[in-house]
Amino acid sequence: MIVHEERSPGALAAEGRWPELLLRFRRARAAGAGSAGALGHLVAYGAPPELAARLFDGDGGPGTAADTADHDAGPLWEVLATRHPWRRLAPLLEPPQVRRLVAHTRALLGENLAHDAEPDEEGVPLRLQVWEAAGWDEPGRVREYLPGGGARLAVQALPALREGLGPVRLPEPGPPAPALAATRLLDGLAPWARAVCVRGQAPDAAARLASERQVIGGWLPFTAVYPALVQPAAAPADRGAAQGRLAVWRLLAAMTGERRVVAAEVDALVARLRCFTWSEPDDELSYLHLALEDPATGLAWAVSGGAEV
Numbered sequence: 003m004i005v006h007e008e009r010s011p012g013a014l015a016a017e018g019r020w021p022e023l024l025l026r027f028r029r030a031r032a033a034g035a036g037s038a039g040a041l042g043h044l045v046a047y048g049a050p051p052e053l054a055a056r057l058f059d060g061d062g063g064p065g066t067a068a069d070t071a072d073h074d075a076g077p078l079w080e081v082l083a084t085r086h087p088w089r090r091l092a093p094l095l096e097p098p099q100v101r102r103l104v105a106h107t108r109a110l111l112g113e114n115l116a117h118d119a120e121p122d123e124e125g126v127p128l129r130l131q132v133w134e135a136a137g138w139d140e141p142g143r144v145r146e147y148l149p150g151g152g153a154r155l156a157v158q159a160l161p162a163l164r165e166g167l168g169p170v171r172l173p174e175p176g177p178p179a180p181a182l183a184a185t186r187l188l189d190g191l192a193p194w195a196r197a198v199c200v201r202g203q204a205p206d207a208a209a210r211l212a213s214e215r216q217v218i219g220g221w222l223p224f225t226a227v228y229p230a231l232v233q234p235a236a237a238p239a240d241r242g243a244a245q246g247r248l249a250v251w252r253l254l255a256a257m258t259g260e261r262r263v264v265a266a267e268v269d270a271l272v273a274r275l276r277c278f279t280w281s282e283p284d285d286e287l288s289y290l291h292l293a294l295e296d297p298a299t300g301l302a303w304a305v306s307g308g309a310e311v
């Protein structure tokens, strides 16, 4: 009697049997099986790009193609984007949003796609601005994915430590400003953080959210702040660093008062922003305490909170 033994996904990956793994992914996804994400991870990480890109093609039938929300330890499009340069992936990726997120991931990893990819629909540059790269080493910008599944992600808490900070007596909270798009976007960066906007300076905004009037705090350049803003929006497993970057660019564009990203206006805003941070007694692993002051408008925003661990 012949007994058929189904090979494990890991064994198929080790043998390079990518078409079989792609078929298993498509069947699992169409059936709504929880194993689809792990199967997709193996294909996105290890398969040749010509086959891995087919994760997002609809040629397998209804419900078989991955979209931007399909994930295991991270979104499948981000796994794929970490494995191959844009010149290899560009001819293979058809879904517009997958192409967009892969392109922005490659930009985060240091590629300059300003002239090699279609312009971004929101006007976000397809290369890192100097202030984006200055305070953020490349290895920490995107999750480090592992061949068999899982990922490593550097935690970008703010303040990262108390070095350089000192005792600060916060003033009375500043008067709240009317509801603004920038406040809503800042509030939406992380489900565990709360944002406010006031008329005044950064410490006036911080005073609305800090748990105590006497804090350990200090001033930071925006280059040091930027990674800690991107990460909360990128942290959930179904999201990625490119989505975090896009969220922060939308926030900065809203702070300039523009309806659409104008890179020169955002650069000018970043150059003048004053950034104040402070620590809280119950800070653990992932938290954000930040006030951003725009001297040109007299407005200051603050965001504060911590994820439960």
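Residues are numbered in our numbering as their position in the sequence shown, beginning at 1, plus a constant of 2. For glycine and all other residues, C-beta sits at the position ideal for the given N, C-alpha and C.
Nearest residue (CA-CA) to A32, options L53, F58, E260 and A212: Taking the first residue of the sequence shown as 1, we reach residue 32 at position 30. The option with the nearest alpha carbon to A32 is F58.
May I ask you to report which of helix, strand or coil DSSP gives P319? The first residue shown for the chain is 3 and the last is 311, placing residue 319 beyond what the model contains.
Just list the residues that DSSP pairs A302 with in beta bridges. In the sequence shown, residue 302 corresponds to position 300, counting from 1. BP columns for A302 point to V200 and E295.
Give a yes or no on whether the C-beta atoms belonging to G151 and A265 are separated by under 9 Å. Along the sequence shown, read from residue 1 onward, the residue named residue 151 stands at position 149. Along the sequence shown, read from residue 1 onward, the residue named residue 265 stands at position 263. Cβ distance not < 9 Å, so G151 and A265 don't count as in contact.
Exposed or buried, which one is I4 when buried takes at least 16 other CB atoms within 10 Å? Here residue 4 refers to the residue found at position 2 when the sequence shown is read from its first residue. Unreliable positioning characterises I4 in this predicted model, as indicated by a pLDDT of 46, which lies under 50. The coordinate reading is nonetheless provided below. With fewer than 16 other Cβ atoms within 10 Å, it is exposed.
Which residue or residues does DSSP assign as beta-bridge partners of P177? Your numbering for residue 177 matches position 175 in the sequence shown. Partner(s): none; P177 has no beta bridge.
Simplified DSSP state of G308, which is helix, strand or coil: Within the sequence shown, residue 308 is the residue found at index 306, counting from 1. Strand, per DSSP.
Out of A119, R89, G36 and L95, which has the shortest C-alpha to C-alpha gap to A54? Along the sequence shown, one-based indexing puts residue 54 at 52. Measuring from the Cα of A54, the nearest candidate turns out to be L95.
Which residues share a DSSP beta bridge with G60? Start at 1 with the first residue of the sequence shown, and residue 60 comes out as number 58. For G60, which the question treats as bridged, DSSP gives no partner whatsoever.
Euclidean distance between Cα positions of A153 and E174: Taking the sequence shown and counting its residues from 1, the one referred to as residue 153 is at position 151. Taking the sequence shown and counting its residues from 1, the one referred to as residue 174 is at position 172. Roughly 43 Å separates the two Cα atoms.
Using 10 angstroms around the beta-carbon of Q312, count the other beta-carbons present and answer buried if the total reaches 16, otherwise exposed. No answer is possible for residue 312: the residues shown for the chain start at 3 and end at 311.
May I ask which residues mark the beginning and end of the alpha helix (DSSP H) holding W133? Translated into positions along the sequence shown, residue 133 becomes position 131. Unbroken alpha helix (DSSP H) run through W133: V132 to A136.
Run through the DSSP bridge pairs and tell me what E146 is partnered with. Within the sequence shown, residue 146 is the residue found at index 144, counting from 1. Its beta-bridge partners are R154.
Taking buried to mean at least 16 other C-beta atoms within 10 Å of its own C-beta, is A273 buried or exposed? Here residue 273 corresponds to residue number 271 of the sequence shown, with the count starting at 1. A273 comes out exposed.
Along the alpha helix (DSSP H) that carries R1, what are the first and last residues, could you check? As displayed, the chain neither begins before 3 nor continues past 311, which places residue 1 out of reach and without an answer.
Below 9 Å between beta carbons: does that hold for A192 and A235? As a first step, residue 192 must be located in the sequence shown, where it is residue number 190. As a first step, residue 235 must be located in the sequence shown, where it is residue number 233. A contact, by the Cβ cut-off of 9 Å.
Beta-carbon proximity list for E2, same chain, < 7 Å, skipping 5 on both sides: The chain is shown from 3 up to 311; residue 2 falls before or after that span and cannot be answered.
Where P77 and G300 are concerned, what is the direct C-alpha to C-alpha distance, given to the nearest angstrom? For this step, residue 77 is matched to residue 75 along the sequence shown. For this step, residue 300 is matched to residue 298 along the sequence shown. Their Cα atoms are separated by approximately 39 Å.
Assign V217 to one of three DSSP states: helix, strand, or coil. Along the sequence shown, read from residue 1 onward, the residue named residue 217 stands at position 215. It is a strand residue.
Comparing alpha-carbon positions, which option in C277, G308 and S281 lies nearest A293? Translated into the one-based positions of the sequence shown, residue 293 becomes position 291. Nearest C-alpha to A293: C277.
Given 8 Å as the limit, is there contact between the stretch 238-255 and the stretch 73-92, that is, 3 or more CB pairs closer than that? yes
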